[in-house]
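Participant: Counting from 1, one number per residue, gives the positions in the sequence shown under full-length UniProt numbering. Where is the CB? At the ideal position from N, CA and C, for every residue including glycine.
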Amino acid sequence: MPIRFSHKDLQIATNNFTTKLGKGGFGSVYEGVLPAGTQLAVKQLEGLGQGKTEFQAEVSSIGSIHHLHLVRLKGFCTEGAHRLLVYVYKANGSLERWILKENKPENVLLDDNFLAKVSDFGLAKLISREQSHVFTTLRGTRGYLAPEWITNYAISDKCDVYSYGMVLLEIIGGRKNYDTSETEEKCHFPSYAFKMMEQGKLKDILDVKLQIAEDDERVSIAIKVGLRCLQYDMHLRPSMTKVVQMLEQVSPVPPPPSSQQMNSHIYLSSFKSTSEHSTSLEPLNLNSCADFSAVRLSGPR
Numbered sequence: 001m002p003i004r005f006s007h008k009d010l011q012i013a014t015n016n017f018t019t020k021l022g023k024g025g026f027g028s029v030y031e032g033v034l035p036a037g038t039q040l041a042v043k044q045l046e047g048l049g050q051g052k053t054e055f056q057a058e059v060s061s062i063g064s065i066h067h068l069h070l071v072r073l074k075g076f077c078t079e080g081a082h083r084l085l086v087y088v089y090k091a092n093g094s095l096e097r098w099i100l101k102e103n104k105p106e107n108v109l110l111d112d113n114f115l116a117k118v119s120d121f122g123l124a125k126l127i128s129r130e131q132s133h134v135f136t137t138l139r140g141t142r143g144y145l146a147p148e149w150i151t152n153y154a155i156s157d158k159c160d161v162y163s164y165g166m167v168l169l170e171i172i173g174g175r176k177n178y179d180t181s182e183t184e185e186k187c188h189f190p191s192y193a194f195k196m197m198e199q200g201k202l203k204d205i206l207d208v209k210l211q212i213a214e215d216d217e218r219v220s221i222a223i224k225v226g227l228r229c230l231q232y233d234m235h236l237r238p239s240m241t242k243v244v245q246m247l248e249q250v251s252p253v254p255p256p257p258s259s260q261q262m263n264s265h266i267y268l269s270s271f272k273s274t275s276e277h278s279t280s281l282e283p284l285n286l287n288s289c290a291d292f293s294a295v296r297l298s299g300p301r
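1. Which class does Leu73 belong to by DSSP, given the choice of helix, strand or coil?
2. What is the residue span of the alpha helix (DSSP H) that Ala13 lies within?
3. Which term fits Ile3, buried or exposed, when burial requires 16 or more other beta carbons within 10 angstroms of its beta carbon?
4. Would you list the residues sitting across from Ala116 in a DSSP beta bridge?
5. Could you name each continuous alpha helix (DSSP H) segment of 4 residues or more that falls completely within the stretch 158-218, going from the start of the chain to the end?
6. Since Ile150 sits in a beta bridge, which residues does DSSP pair it with?
7. Closest by CA to Asp205, which one among Thr14, Gly174, Val244?
8. Residues in its own chain within less than 7 Å of Ile223 by CB, not counting five upstream and five downstream?
9. Less than 7 Å separating the beta-carbons of Gly32 and Leu21?
10. According to DSSP, which residues form a beta bridge with Gly37?
11. Identify which residue in Phe114, Leu34, Leu115 has its Cα closest to the Cα of Tyr87.
12. Tell me which residues share the same chain as Gly75 and place their Cβ nearer than 7 Å to its Cβ, disregarding the 5 neighbours each side in the sequence.
13. Quick one: using the 10 Å Cβ neighbour count with 16 as the cut-off for buried, is Lys52 buried or exposed?
14. For Gly143, count neighbouring Cβ atoms within 10 angstroms of its own Cβ and tell me buried if that reaches 16, exposed if not.
15. Quick one, are the C-beta atoms of Val71 and Lys8 less than 7 Å apart?
16. On a Cα-Cα basis, can you pick out the residue from Pro238, His188, Leu73 that is closest to Asp160?
17. Pull up the distance between the alpha-carbon of Val29 and that of Gly200, whole angstroms please.
18. For Leu21, which of helix, strand or coil comes out of DSSP?
19. Does the Cβ-Cβ distance between Leu10 and Val42 come in under 7 Å?
20. At the level of alpha carbons, what is the spacing between Leu45 and Met240?
21. Contact defined as beta carbons within less than 8 Å: I believe Met246 pairs with Val219. What is the distance between those atoms, to the nearest angstrom?
22. Can you name the residues that DSSP bridges to Ser61?
23. What's the call for Lys14, buried or exposed, on a 16-neighbour Cβ count within 10 Å?
24. Taking Val150 as the reference, give the member of Val243, Ala57, Tyr232 with the closest Cα.
25. Please name the residue, chosen from Gly37, Gly27, Val108, Ala36, that lies closest to His82 on a Cα-to-Cα basis.
26. Quick check on DSSP: helix, strand or coil for Leu85?
27. Given this structure, state the Cα-to-Cα distance separating Asp157 from Asp215, to the nearest angstrom.
28. When DSSP labels each residue in this structure, what does Arg237 get in the three-state scheme?
29. Rounded to the nearest angstrom, what separates Val167 and Lys186 at their Cα positions?
30. How about Ile221 and Val244: are their beta carbons less than 7 Å apart?
31. For Gly80, which three-state DSSP category applies?
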C-alpha cells in the first residue's frame with residue numbers, strides 16, 4: 001500500500017507547491033523533497049468526484065502494480081477535499097525534453113540511467129463512472145491519437161500501438177511529428193518519413209545527432225516498424241508483442257503502405273482547434289503546416 005501523506009507534509013515538501021514541473025489532463029505536478037532528502041513529484045489532482053474510500057481503493061490498486069518501465073506510486077493524500085498522488089522524482093525529466101530540447105514534461109520520463117518510465121498509469125481509474133459523462137471530448141496531445149478516436153470504430157490496444165509508432169519515429173528523427181517551422185514537405189514527419197523510405201533516403205529521416213551508420217539494418221527496421229504502427233486501418237497495425245519481435249529481429253517486418261495511402265488518411269488523425277477547450281472534425285489543409293499546432297485536447301485520456 002502506498003504511503004499516506006498529510007496535506008501539510010506535502011505543502012512543506014513542495015515549498016507550498018512552488019516549483020511546477022508540468023500540467024497534464026488530471027492536474028499539475030510539483031517538485032518536492034522529503035526531510036530525508038528523497039525527491040518527489042507531487043501531482044495535485046483536479047476535478048475528481050470520488051469519495052475518500054473509493055479514491056483510496058483505486059490508489060491501492062494502482063500502487064500494487066510494479067513494472068520496470070512504470071513510474072512507481074510512492075504515496076497519496078486524501079485529507080479533506082485534497083486529492084494528491086506522490087511519485088518518485090525522475091531527475092532527467094521527459095523524453096520530449098531530450099528529443100526536442102523543450103522543457104515540457106510528458107508521460108515518458110527518464111531516470112538517472114535514462115531508463116524510460118511511463119507516468120500517469122492507471123489515473124483514468126480515478127474518474128468515477130458517474131463522473132465520466134461529464135467528459136464528452138478527447139483528452140490527449142494531437143498527433144499521437146489514433147484515427148479511431150474520432151471515428152465510429154471501437155477503441156482498442158491498437159490505439160496505443162499507433163501512439164507508440166509516433167513516439168518511435170520522433171526518437172529516430174529527433175523532431176516533433178509535426179513542425180510548423182519546417183517546409184511543407186517536411187512539416188508532417190510521418191508523411192515525410194514514408195516518402196523518404198520509399199526513395200531509399202533513410203539518412204534524411206535520421207536525427208543528425210545519432211552516431212549510427214545509415215546502412216545499419218537496425219535503422220531500417222526501426223523506421224519500418226514505426227511506420228507500420230501508424231497505419232490508418234487499426235487491423236493492419238501489429239500487436240505490441242509483434243512490435244517487440246520485429247525490433248529484436250526475430251520476426252520479419254512487412255512493408256508499410258505507400259506515402260500516397262498515408263496522405264489520403266492524414267486528416268482523420270488531425271484536429272482543427274476551435275477554442276482552447278474544444279475541437280472540430282474538419283479536415284485540415286495538408287498543404288499548409290499552419291493548420292497543425294500542438295494543442296492538448298479536453299476530455300478523459
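Facilitator: Let's see:
1. strand
2. 7-13
3. exposed
4. Leu110
5. 158-173, 189-198
6. DSSP output for Ile150 lists no bridge partner at all.
7. The question names Asp, but residue 205 is Ile in the sequence shown. For the residues Thr14, Gly174, Val244, the minimum Cα distance to Ile205 belongs to Gly174.
8. Ile172, Ala193, Met197, Leu202, Ile205
9. no
10. Answer is none; Gly37 lacks a bridge partner.
11. Leu34
12. Pro2, Ile3, Arg4, Phe5, Val86
13. exposed
14. buried
15. no
16. Pro238
17. 43 Å
18. strand
19. yes
20. 30 Å
21. About 14 Å separates the two Cβ atoms, so there is no contact after all.
22. Paired residue(s): none; Ser61 is not in a bridge.
23. Correcting the residue type first, residue 14 is Thr in the shown sequence and not Lys. Answer is buried; the Cβ neighbour count reaches 16.
24. One point to set straight first is that residue 150 is Ile, not Val, in the sequence displayed. Out of Val243, Ala57, Tyr232, Tyr232 has the C-alpha closest to the C-alpha of Ile150.
25. Gly27
26. strand
27. 33 Å
28. coil
29. 17 Å
30. no
31. coil
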